[in-house]
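Down below is the structure, laid out as structure tokens.
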Amino acid sequence: MVAYLDAAATTRVLPEVAEVVLHWMSQDFGNAGSRTHEYGTRAKRAVARAREGIAAHLSARPDELIFTSGATESNNIAILGLAPYGTKCERRHIISTAIEHKAVLEPLEHLQTQGFEVELIEPGPSGRVSAEAVLERLRPDTLLVSVMQVNNETGVIQPVAELAEHLRSTATYLHVDAAQGFAKLPGDLRAPIDLISFSGHKIGAPKGIGGLLIRRRGRDSVPLTPLMYGGGQERKLRPGTLPVPLIMGLSKALEVFEGERTQWLQAASEFRARLLEGLGKTRFSLHGDQEHVVPHILNLSFEGVDTEALILQLKNYAAVATGSACTSASYTPSHVLAAMGLPEEQASNGLRLSWFPDQAQTLDVDEFASIIAEYQAGLALVSPS
Numbered sequence: 425m426v427a428y429l430d431a432a433a434t435t436r437v438l439p440e441v442a443e444v445v446l447h448w449m450s451q452d453f454g455n456a457g458s459r460t461h462e463y464g465t466r467a468k469r470a471v472a473r474a475r476e477g478i479a480a481h482l483s484a485r486p487d488e489l490i491f492t493s494g495a496t497e498s499n500n501i502a503i504l505g506l507a508p509y510g511t512k513c514e515r516r517h518i519i520s521t522a523i524e525h526k527a528v529l530e531p532l533e534h535l536q537t538q539g540f541e542v543e544l545i546e547p548g549p550s551g552r553v554s555a556e557a558v559l560e561r562l563r564p565d566t567l568l569v570s571v572m573q574v575n576n577e578t579g580v581i582q583p584v585a586e587l588a589e590h591l592r593s594t595a596t597y598l599h600v601d602a603a604q605g606f607a608k609l610p611g612d613l614r615a616p617i618d619l620i621s622f623s624g625h626k627i628g629a630p631k632g633i634g635g636l637l638i639r640r641r642g643r644d645s646v647p648l649t650p651l652m653y654g655g656g657q658e659r660k661l662r663p664g665t666l667p668v669p670l671i672m673g674l675s676k677a678l679e680v681f682e683g684e685r686t687q688w689l690q691a692a693s694e695f696r697a698r699l700l701e702g703l704g705k706t707r708f709s710l711h712g713d714q715e716h717v718v719p720h721i722l723n724l725s726f727e728g729v730d731t732e733a734l735i736l737q738l739k740n741y742a743a744v745a746t747g748s749a750c751t752s753a754s755y756t757p758s759h760v761l762a763a764m765g766l767p768e769e770q771a772s773n774g775l776r777l778s779w780f781p782d783q784a785q786t787l788d789v790d791e792f793a794s795i796i797a798e799y800q801a802g803l804a805l806v807s808p809s
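Quick note, the sequence shown lines up with residues 425 to 809 if you use my numbering.
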């Protein structure tokens with residue numbers, strides 16, 4: 425069986441989650457907006473319970489959470505939705521990082537065409553942007569700071585909680601793309617972050633469901649303008665019929681993950697240690713600050729090896745990726761590794777290994793490492809002297 429080492433892209437739906445989703449699809453299938461019968465009432469109450477539980481996980485109030493199709497949509501609502509306010513107040517300066525997901529970088533690129541000034545901070549070889557590097561760039565016209573919680577390619581953790589504490593007393597809003605850290609590193613997300621985007625399918629929920637937390641500052645809410653209109657659902661910021669089965673699946677996945685987080689983190693760390701020990705027979709370089717990294721993502725390159733060719737060698741043993749699933753079809757160097765200033769050979773050949781422990785246990789680490797070592801040795805034999 426091929427081991428699954430691409431959990432940063434997505435995970436399988438947990439069996440107990442699938443059961444909940446099916447129930448709300450086939451039995452309690454009412455529309456949460458229907459107020460004239462019990463089917464709608466049960467759906468509405470279930471959504472309210474789910475919203476309350478997910479918001480509590482983020483130390484927020486239920487009315488501060490809206491449901492979306494996932495982190496990409498949430499990022500767009502947060503970034504593009506704040507732009508009209510920035511234009512009105514003549515605050516068009518935005519600070520972000522060069523290692524953000526394309527779901528943040530591309531909305532920012534769009535705002536640049538609308539007259540906004542976007543500063544992208546490069547983190548250097550550590551892959552970690554310091555809070556000081558962000559704060560020293562603040563200006564009176566800085567509308568927004570957008571920094572991800574966990575980098576999706578390297579797994580490096582960014583100092584978002586520290587930034588939140590500093591920015592809370594300023595007029596600048598903080599947005600955090602928490603797609604990779606949601607549920608796994610909850611402490612950071614309980615800091616006073618204004619806007620938090622997340623997806624469910626990274627923790628065993630179905631694809632197509634996520635959320636945007638819009639945290640109030642006292643009585644003041646972040647002044648977002650909707651990108652779509654019609655129906656008035658989700659505080660008029662995300663109109664459309666609520667996908668009750670997906671919302672209930674997200675709620676169940678978070679419940680399961682919260683109950684198993686300690687064991688999950690330990691198992692992920694143990695697998696990481698086994699993997700690195702096994703790879704000791706190969707020649708590789710690790711990418712990113714290993715002192716500030718999540719235990720389930722590893723980014724590395726193998727000396728003298730073209731990663732795309734290596735993936736073909738490994739396809740019968742493990743499902744792996746070069747980086748973000750949204751950009752892995754491109755053979756250009758990783759924008760994340762390039763922004764870290766890595767040599768072109770490494771930036772072009774980064775391999776991301778990411779796992780849910782239970783989905784990676786089928787991997788024979790020794791065999792996996794031996795295949796890579798033999799491939800490296802074969803390349804060395806045929807390379808010109």
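Heads up, the beta-carbon is just placed ideally off N, CA and C, and yes, glycines get one too. For clarity, every value in this text was computed on a predicted model and none was experimentally measured.
- Query: Who are S498's beta bridge partners in DSSP?
  - Reply: For S498, DSSP records no beta bridge to any residue.
- Message: By the three-class DSSP mapping on this structure, what secondary structure does D430 have?
- Response: Of the three classes helix, strand and coil, the one that applies to D430 here is strand, per DSSP.
- Query: Which residues mark the beginning and the end of the alpha helix (DSSP H) in which S483 is found?
  - Reply: Segment: none, S483 is in no alpha helix (DSSP H) and carries neither H nor E.
- When you compare each of S675, L670, L674 and G635 to R659 by their alpha carbons, which one comes out closest? G635
- Task: Can you grab the Cα-Cα spacing for the pair Q800 / R639, in whole Å?
- Result: The straight-line gap from Cα to Cα measures roughly 50 Å.
- Message: Tell me whether the region 506 to 519 and the region 561 to 568 touch, counting them as touching only if at least three CB pairs, one residue from each stretch, are closer than 8 Å.
- Response: Under the Cβ criterion (8 Å, minimum of three pairs), the region 506 to 519 counts as touching the region 561 to 568.
- Query: So, N576 versus A607, is the Cβ gap smaller than 8 Å?
  - Reply: No, Cβ-Cβ distance for N576 and A607 is not below 8 Å.
- Whole-angstrom Cβ separation of Y597 and V646, contact assumed at under 8 Å? 6 Å
- Message: If I follow the unbroken beta strand (DSSP E) through I638, where does it start and stop?
- Response: G634 to I638
- Message: Can you find the residues in the same chain that come closer than 6 Å, C-beta to C-beta, to L609, ignoring five residues on each side of it along the sequence?
- Response: none
- Message: Using 8 Å as the cut-off, can you tell me whether the region 792 to 799 makes contact with the region 696 to 704, which would need three or more C-beta pairs spanning the two stretches below that distance?
- Response: yes
- Between the C-alpha atoms of Q538 and P650, what's the straight-line distance to the nearest angstrom? Whole-angstrom Cα-Cα distance: 17 Å.
- Message: Quick check: L775 and T746, are their CB atoms within less than 8 Å of each other?
- Response: yes
- Could you check how far apart the C-beta atoms of F540 and A507 are, in whole angstroms? I think they sit under 8 Å. 7 Å
- Would you mind giving the Cβ-Cβ distance between G624 and I617, rounded to the nearest angstrom? I have them listed as a contact below 8 Å. The pair is not a contact, with the Cβ atoms about 19 Å apart (cut-off 8 Å).
- CA-to-CA distance, R459 to S752, given in whole angstroms: Residue confidence is low: S752 scores 47 on pLDDT, short of 50, so the model does not pin down where it sits. Its coordinate-derived value is still stated next. About 45 Å.
- Message: Could you tell me the alpha carbon to alpha carbon distance between L670 and V471, rounded to whole angstroms?
- Response: Taking the straight line from one Cα to the other gives about 10 Å.
- Query: Any idea which residues DSSP pairs R776 with across the strands?
  - Reply: Answer is N723 and A745, bridged to R776.
- Task: Give every residue of the same chain whose Cβ lies closer than 7 Å to the Cβ of L587, excluding the five residues on either side of it in the sequence, and list them in chain order.
- Result: A555, V558, V569, V571 and L598
- Message: Quick check on DSSP: helix, strand or coil for R561?
- Response: coil
- Nearest-angstrom Cα separation, counted from Y463 out to G579: Linking G579 to Y463 through their CA atoms gives a straight-line distance of about 43 Å.
- Task: Indicate whether the contact test is met: 3 or more Cβ pairs, each with one atom in the region 737 to 744 and one in the region 714 to 728, closer than 8 Å.
- Result: no
- Message: Tell me which residues share the same chain as Q536 and place their Cβ nearer than 8 Å to its Cβ, disregarding the 5 neighbours each side in the sequence.
- Response: V542
- Query: Is DSSP giving L661 helix, strand or coil here?
  - Reply: coil
- Item | Own chain residues within Cβ distance below 7 Å of P547, not counting five before or after | Once the five neighbours on either side are set aside, the close Cβ partners of P547 are T521, I523, V553, A763 and M764.
- Based on the DSSP output, what are the partners of L619 in its beta bridges? H599 and I638
- Query: Which word fits G683, buried or exposed, when buried means at least 16 other C-beta atoms lie within 10 angstroms of its C-beta?
  - Reply: exposed
- Below 8 Å between beta carbons: does that hold for A427 and L787? yes
- Identity of the residue in A743, N455 and L648 nearest K512 by Cα: L648
- Message: What would DSSP say about V718, mapped onto helix, strand or coil?
- Response: coil
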